[in-house]
């Protein structure tokens, strides 16, 4: 099957490199889910035509490390409370126990309603690939709803040797197993303190990306040093689990030596700028890049918008350096190619051979637009994205569908909140 996207302003990266942006009016020919040709005036009588006249054509965004169920159910619970404390924090004392309550109390249909709403918000904001860290009870719902929506979804259920973590640690080791069709599933380990030798062995033997949630604070690093004489990432390095397929989710407080371990291993860091701002901690993306650590974006526990993440990353990167050193193109790179590199997938770029995931943006609301990418990063909203394609297939959701999803998610969340108010809130 062929699709021809005609007459749009194509905005993408020429090759690996933050400032290698190219923009040109061109047609994009897609076949069998991949970009086949990009040039002016392509004619193909066999292709289905998508008219992109007056629109911007960009690669789909890559969210490496969302927590959809947590973000939907914890909406309003976390933003005004820092997660910087280790035990006793709002995350470990309220948000994770709330997920445990929801996992027990909600039906399969209610779990699907929760994750459907969250995934729809990510899709609306331009995310076409989502790697989600989830409670095991929500993993089947994630996979089912991701497939129904047409998203490129990787689901990572989190476990320890003792079950799901309620109020103990962060610094999680996540191990996926490929199931084909662009989807992935598998068990996920939780922290270096609660990971058995057998789990480390399974992680070393697994294929595909390896995710580590390492949003640790100083007290947790101290615990790791007392147990192993190393930081959590140092322990993973010793276990030969820092490699080119490793993605560290978080790690805002990583020091020079941890960053050097990441650089040497060729590993990736995935960060949420919104999470950093709401926690009141620095967003050290420029610090990572100066040490040659590939760094991408995710939505984490706090948000469901990759557009918001790009905008906050652009501002947060300036706070980490200066106004000219981290620019809109850097934030866009972090939301596309850097994430694709971390997952080891041909995504994030409109070039022959890459997966045909793209966005069609209507710039009308943005007004005069001399600098399209800058205006996209700093001003665009989900409503400005008028078309979304994954694997060469256009995706669509009606306003009525979205209202139904919101209503179903509200009812399911209300049930979980009601139980939580009696038990933990």
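In the working numbering, the protein residues as written are 7 to 431. All C-beta atoms in this analysis are idealised placements derived from N, C-alpha and C, irrespective of residue type, glycine included.
**Asked** Going straight from the alpha carbon of residue 56 to that of residue 9, what length do you get?
**Response** 7 Å
**Message:** If contact is defined by three or more beta carbon pairs under 8 Å, each pair taking one atom from either stretch, is the segment 291–311 in contact with the segment 115–131?
**Reply:** yes
**Request:** Out of 362, 371, 385, 378, point me to the one whose CA is closest to residue 67's CA.
**Result:** 362
**Prompt:** Can you tell me whether DSSP reads residue 7 as helix, strand or coil?
**Reply:** coil
**Message:** What ranges does the beta strand (DSSP E) occupy inside the segment 318–374, keeping only unbroken runs of at least 3 residues that lie completely in it?
**Reply:** 364–367
**Request:** Name the residue from 428, 421, 275 whose alpha carbon lies nearest to the alpha carbon of residue 115.
**Result:** 421
**Request:** Tell me, to the nearest whole angstrom, how far the beta carbon of residue 217 is from that of residue 273; I am working on the premise that it is less than 8 Å.
**Result:** That pair is no contact at about 11 Å.
**Asked** Helix, strand or coil for residue 114 per DSSP?
**Response** helix
**Prompt:** Assuming residue 326 contacts residue 290 under a Cβ cut-off of 8 Å, what Cβ separation, rounded to an integer in Å, is found between them?
**Reply:** 6 Å
**Prompt:** In terms of residue numbering, what span does the alpha helix (DSSP H) encompassing residue 145 cover?
**Reply:** 145–155
**Request:** Kindly indicate the opening and closing residues of the alpha helix (DSSP H) around residue 72.
**Result:** Premise fails: residue 72 lies in the beta strand (DSSP E), 67–72, not in any alpha helix (DSSP H).
**Message:** Using only CA atoms, which one of 117, 35, 150 lies nearest to residue 143?
**Reply:** 117
**Message:** In chain order, what are the residue ranges of uninterrupted alpha helix (DSSP H) at least 4 long that sit wholly in the segment 265–324?
**Reply:** 279–285, 291–296
**Asked** Would residue 73 be called buried (16 or more neighbouring beta carbons within 10 Å of its own) or exposed?
**Response** buried
**Prompt:** So what's residue 246 in DSSP terms, helix, strand or just coil?
**Reply:** coil
**Asked** Which residues bound the beta strand (DSSP E) around residue 31?
**Response** 27–37
**Prompt:** Quick one: what does DSSP say residue 465 is sitting in, helix, strand or coil?
**Reply:** Missing from the structure shown is residue 465; the chain here goes from 7 to 431 and no further.
**Asked** Where does residue 214 fall in DSSP's three states?
**Response** coil
**CB of residue 368 within 9 Å of CB of residue 396, strictly** = no
**Request:** Starting from residue 85, trace the alpha helix (DSSP H) both ways and give me its first and last residue.
**Result:** It is not in any alpha helix (DSSP H) - residue 85 carries neither H nor E in the DSSP assignment.
**Request:** Can you grab the Cα-Cα spacing for the pair residue 320 / residue 383, in whole Å?
**Result:** 8 Å
**Request:** Under 8 Å Cβ to Cβ from residue 246, same chain only, skipping five residues before and after it: list those, please.
**Result:** 210
**Proximity of residue 101 and residue 76 at Cβ, strictly below 9 Å** = yes
**Asked** Between the beta-carbon of residue 281 and the beta-carbon of residue 256, is there less than 9 Å?
**Response** yes
**Asked** What is the DSSP secondary structure of residue 459, counted as helix, strand or coil?
**Response** As displayed, the chain neither begins before 7 nor continues past 431, which places residue 459 out of reach and without an answer.
**Prompt:** Taking the alpha helix (DSSP H) that residue 139 falls in, what are its first and last residues?
**Reply:** Premise fails: residue 139 lies in the beta strand (DSSP E), 133–140, not in any alpha helix (DSSP H).
**Request:** Report the three-state DSSP secondary structure of residue 430 (helix, strand or coil).
**Result:** coil
**Item:** Closest by C-alpha distance to residue 381, when choosing among 153, 316, 156
**Value:** 316
**Message:** Please report the distance separating the alpha-carbon of residue 161 from that of residue 140.
**Reply:** 7 Å
**Asked** Quick one: what's got a C-beta closer than 8 Å to residue 111's C-beta in the same chain, skipping five residues either side?
**Response** 421, 422, 425
**Asked** Using the rule of at least 16 other Cβ atoms within 10 Å of the residue's Cβ for burial, across every protein chain shown, is residue 277 buried or exposed?
**Response** buried
**Item:** DSSP-derived helix/strand/coil call for residue 23
**Value:** Per-residue confidence for residue 23 stands at a pLDDT of 49, beneath the threshold of 50, marking its modelled position as unreliable; no derived number is given.
**Prompt:** Do you know whose CA, among 371, 54, 219, lies nearest residue 385's CA?
**Reply:** 371
**Request:** With distances taken Cα to Cα, identify the nearest neighbour of residue 64 among 48, 328, 32, 16.
**Result:** 16
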